[in-house]
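Read through the structure below, which is laid out as structure tokens, and then see the notes.
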Amino acid sequence: MSSTDLNHVTRLAEQLSPEEQLRLVEHLARGLRRHSDDPHQRTPQSLRGIWRDALPPDADTEVAIREVRNEWEKELKDLEREQS
Numbered sequence: 001m002s003s004t005d006l007n008h009v010t011r012l013a014e015q016l017s018p019e020e021q022l023r024l025v026e027h028l029a030r031g032l033r034r035h036s037d038d039p040h041q042r043t044p045q046s047l048r049g050i051w052r053d054a055l056p057p058d059a060d061t062e063v064a065i066r067e068v069r070n071e072w073e074k075e076l077k078d079l080e081r082e083q084s
């Protein structure tokens, strides 16, 4: 935002009643809080901790991950053969 735009918005905000200015500030603060909750701004967490309660207790994630990796390796080999 250019300083001209900021000055214009500031002048408009100053024309609001004190109650409306307070509502505007609260609105802007909510937006800033949401932005600070942006996953790109947070410190990465272990997926084991995040998904711990989302999976059934008998789920063997290591086996599932290994199966997916094997599928990817097969697909990559197929792609390499197609390109040769």
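The working numbering puts the sequence shown at residues 1 to 84.
Even for Gly, the Cβ is constructed at its ideal location relative to N, Cα and C.
About 6 angstroms separates the Cβ atoms of residue 13 and residue 24, confirming a contact at the 8 angstroms cut-off.
No Cβ-Cβ contact shorter than 9 angstroms links residue 43 with residue 51.
Residue 19 and residue 26 have their C-alpha atoms roughly 11 angstroms apart. Rounded to the nearest whole angstrom, the CA to CA distance from residue 76 to residue 7 is 55 angstroms.
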